[in-house]
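*Asks:*
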Amino acid sequence: MDIHESYSSCSPPAWLHRSLERLLASVPPGNLASLESIVLTDSTALPAGKTKRVGGRKYNSAECGAFYHYATRKRRAYIELLVDNALPRWANRVPLHYLQDALLADVLFHELGHHFATTVGDVGRGGEDAAEKWRQRLTRAYFPNAYPVAHRVFRIVARVALPVLRHWQKRRSSRRAA
Ligand SMILES: [Zn+2]
Numbered sequence: 043m044d045i046h047e048s049y050s051s052c053s054p055p056a057w058l059h060r061s062l063e064r065l066l067a068s069v070p071p072g073n074l075a076s077l078e079s080i081v082l083t084d085s086t087a088l089p090a091g092k093t094k095r096v097g098g099r100k101y102n103s104a105e106c107g108a109f110y111h112y113a114t115r116k117r118r119a120y121i122e123l124l125v126d127n128a129l130p131r132w133a134n135r136v137p138l139h140y141l142q143d144a145l146l147a148d149v150l151f152h153e154l155g156h157h158f159a160t161t162v163g164d165v166g167r168g169g170e171d172a173a174e175k176w177r178q179r180l181t182r183a184y185f186p187n188a189y190p191v192a193h194r195v196f197r198i199v200a201r202v203a204l205p206v207l208r209h210w211q212k213r214r215s216s217r218r219a220a
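As structure tokens, then:
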């Protein structure tokens, strides 16, 4: 499987390549054999327009973070990652490997999920649901193994911080709606 990079307007975080390699190394190589490549690019490379319907809704392709391109008779399947959409703007300032991997895994493992749902087997209800189930499975397999201590610490932090964040967000959106 190859990794191709071509950006026209954004410069990706310096850690992107190494994080991608760490995440891919956690996946059994046999599962990746039928994937042709991962293309790292940015949203300006995309033609304007709507994507295919996903979960009953069409998305503006320039807003999507990543695409899974199913295999055709002429080529194997590949994943396209639009780095500027897939990662937050402050991604290049994220310091820890654990957090860098968490940002990238969120997108990458979902797209790999589409691939594994097709090649290894479906979990969940197929389509987006299957990709999400695979994402969760790959995430659970990766982080506690790769970062046993950091994972435990961040889980505790998340358990405390997330309800606070959600409460704050709800207050903000209700104020905006008012
Ligand atoms: Zn998807």
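Those letters in the sequence shown? Residues 43 to 220, by the working numbering. Using N, Cα and C, we set each Cβ at its ideal position, and we do this for glycine too.
Which residues bound the beta strand (DSSP E) around residue 83?
*Replies:* Segment 77–83, the beta strand (DSSP E) holding residue 83.
*Asks:* Would you list the one or two residues that DSSP bridges to residue 45?
*Replies:* DSSP, once it has assigned bridges, lists 80 as partnering residue 45.
*Asks:* From which residue to which residue does the alpha helix (DSSP H) around residue 154 run?
*Replies:* 139–161 is the span of the alpha helix (DSSP H), which, as asked, contains residue 154.
*Asks:* Would you please state the rounded distance, in angstroms, between the beta carbons of residue 132 and residue 159? I believe it to be under 8 Å.
*Replies:* At roughly 32 Å, the Cβ-Cβ gap does not stay under 8 Å, so residue 132 and residue 159 are not in contact.
*Asks:* State buried or exposed for residue 155, treating a residue as buried only when at least 16 other CB atoms are found within 10 Å of its CB.
*Replies:* It is buried - the Cβ of residue 155 has at least 16 other Cβ atoms within 10 Å.
*Asks:* Cβ of residue 170 versus every heavy atom of ligand 1: is any distance shorter than 7 Å?
*Replies:* At least one heavy atom of ligand 1 is nearer than 7 Å to the Cβ of residue 170, so yes.
*Asks:* Could you check whether residue 108 and residue 78 sit closer than 8 Å to each other, using their CB atoms as the reference points?
*Replies:* No; because the gap between Cβ atoms is not below 8 Å, this pair is not in contact.
*Asks:* Can you find a heavy atom of ligand 1 that lies under 7 Å from the Cβ of residue 147?
*Replies:* Checking every heavy atom of ligand 1 against the Cβ of residue 147, none is found closer than 7 Å.
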